[in-house]
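Input: a single structure, listed below in structure tokens.
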Amino acid sequence: MENKSFSQLVKEEIMSFQLKKQEKFFLMAGIIYCCNVKNNEAKLVINNITIRTYILNICNELKISYTYTKKNEISINTNFLANISVKYQGKFFAGLFLSSGSIINGRTNHLELKFNDLINAENALSILNSHGLEFKKIIRKQKIIIYLKKIENICDFLKAIETIESYYLFEDGKIQRDFYNSANRITNLDVYNQERIAKANLEFIKNYQFIKENNLLDEFSVEELTLFELKLNSLDSSLNELSLLLETKNIKKSRSALNHFLIKLKKITKKYQKK
0 MENKSFSQLV
10 KEEIMSFQLK
20 KQEKFFLMAG
30 IIYCCNVKNN
40 EAKLVINNIT
50 IRTYILNICN
60 ELKISYTYTK
70 KNEISINTNF
80 LANISVKYQG
90 KFFAGLFLSS
100 GSIINGRTNH
110 LELKFNDLIN
120 AENALSILNS
130 HGLEFKKIIR
140 KQKIIIYLKK
150 IENICDFLKA
160 IETIESYYLF
170 EDGKIQRDFY
180 NSANRITNLD
190 VYNQERIAKA
200 NLEFIKNYQF
210 IKENNLLDEF
220 SVEELTLFEL
230 KLNSLDSSLN
240 ELSLLLETKN
250 IKKSRSALNH
260 FLIKLKKITK
270 KYQKK
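The letter at position 265 of the sequence shown is residue 264 when you use numbering that gives the first Met the number 0, and the numbering goes up by one with no holes.
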């Protein structure tokens with residue numbers, strides 16, 4: 000099975016629309032809006048034979064005249080636009096995407112529409128952004144490009160041109176990426192916690208050794224020293240687990256009390272290390 004790009008899937012969905020005659024005119028208006036128009040002739044370069052055939056079939060149906068100028072270039076007569084009142088939404092922008100659009104759906108997201116004419120690009124930018132989208136404009140290789148990067152805006156555009164299957168597919172990709180990112184954050188957090196625990200255990204061992212080697216055990220109660228011995232022999236145990244172990248020795252202390260014992264160990268160690 001052919002591995003199709005997301006752009007191809009969106010364009011195939013556009014070509015699957017069951018359109019009324021007026022909607023086909025709007026679609027054709029969008030198709031030629033990105034083109035270089037001179038003397039009422041729009042030069043349209045379409046390398047994809049399926050899309051090219053689809054456009055020519057609509058031209059034939061609507062009696063829009065055209066000629067082949069090159070193998071992949073069509074010259075479409077634009078006089079038909081004088082007879083229709085174009086609605087610059089929905090099917091119009093679907094036509095624009097069909098002829099000049101591309102979209103990346105992956106770890107990065109990018110949707111763009113290319114124009115030959117600066118005024119047309121700025122008009123499209125203004126109309127689209129009036130509906131709450133956030134298209135931006137750049138010029139690349141003598142082409143004027145308006146583009147989106149935010150996932151939410153790309154989703155809104157796909158809904159606006161009524162490519163609903165592509166919208167759901169894009170949303171599904173977003174959910175999968177969010178899940179991956181969330182899992183990755185959890186993994187990173189686990190690593191961070193393990194490193195933090197290892198560092199804390201190493202500090203505890205050094206502090207307790209210092210206390211014993213410098214005859215400072217009298218600074219601590221029996222309960223505190225009992226905790227230190229238990230922790231030394233069970234470094235991976237949590238404070239809750241250490242509390243349960245102390246209960247087997249008839250010492251009942253809360254988690255916060257045990258944390259206080261360990262803080263006291265740090266303070267006593269630092270106090271005598273300074274001397």
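Glycine residues also receive a C-beta, built at the ideal position from the N, C-alpha and C atoms.
How close, in whole Å, do the beta carbons of residue i and residue j come, if the pair is a contact with beta carbons under 8 Å?
i, j, result
"Leu97", "Ile50", "6 Å"
"Leu26", "Cys34", "About 14 Å; that fails the 8 Å criterion."
"Leu147", "Leu132", "7 Å"
"Ala129", "Leu112", "This sequence places Ser at residue 129; Ala is not what is there. That pair is no contact at about 16 Å."
"Lys136", "Ile143", "7 Å"
"Leu261", "Ser242", "No, Leu261 and Ser242 are not in contact; Cβ-Cβ is about 13 Å, not under 8 Å."
"Ala159", "Gly89", "7 Å"
Is the distance from the Cβ of residue i to the Cβ of residue j below 8 Å?
i, j, result
"Ile153", "Ile102", "yes"
"Ile48", "Ile54", "no"
"Glu212", "Lys263", "no"
"Ile63", "Tyr87", "no"
"Asn268", "Ile210", "The sequence given here places Thr at residue 268; Asn does not occur at that position. Yes, the Cβ-Cβ distance between Thr268 and Ile210 is below 8 Å."
"Glu161", "Ala81", "no"
"Asn232", "Arg254", "no"
"Thr77", "Ala41", "yes"
"Lys23", "Ile57", "yes"
"Leu216", "Leu229", "no"
"Asn104", "Phe5", "yes"
"Ser236", "Val9", "no"
"Ser95", "Ala120", "As written in the sequence, residue 95 is Leu, which differs from the Ser given in the question. Against a cut-off of 8 Å, the Cβ pair of Ala120 and Leu95 comes out as no contact."
"Val85", "Phe79", "no"
"Leu168", "Asn200", "no"
"Lys265", "Asn206", "yes"
"Asn115", "Ile150", "no"
"Lys251", "Thr225", "no"
For residue i, which three-state DSSP category applies?
i, result
"Leu234", "coil"
"Glu222", "helix"
"Asn35", "strand"
"Asn100", "In the sequence as presented, Asn is not what sits at residue 100; that position holds Gly. Reduced to three states, the DSSP call for Gly100 is strand."
"Phe16", "coil"
"Asn214", "coil"
"Ser242", "helix"
"Thr247", "coil"
"Lys3", "coil"
"Lys273", "coil"
"Lys62", "coil"
"Glu194", "helix"
"Tyr53", "helix"
"Thr68", "strand"
"Phe178", "With a pLDDT of 47 at Phe178, under the threshold of 50, the predicted position of this residue should be treated as unreliable, though the coordinate-derived value follows. Correct three-state label for Phe178: helix."
"Glu40", "strand"
"Lys205", "helix"
"Lys263", "helix"
"Lys10", "helix"
Where do the N-terminal and C-terminal ends of the alpha helix (DSSP H) with residue i fall, by residue?
i, result
"Ile45", "Taken as a continuous stretch (DSSP letters only), Ile45 belongs to no alpha helix (DSSP H), as it is neither H nor E."
"Tyr87", "No alpha helix (DSSP H) contains Tyr87, which DSSP labels as neither H nor E."
"Asn76", "It is not in any alpha helix (DSSP H) - Asn76 instead sits in the beta strand (DSSP E) that spans 72-76."
Which residues mark the beginning and the end of the beta strand (DSSP E) in which residue i is found?
i, result
"Lys252", "That residue, Lys252, is in no beta strand (DSSP E); it is neither H nor E in DSSP."
Going along the chain, which unbroken runs of the beta strand (DSSP E) with 3 or more residues stay wholly within the stretch 96-162? 100-104, 108-114, 135-139, 142-147
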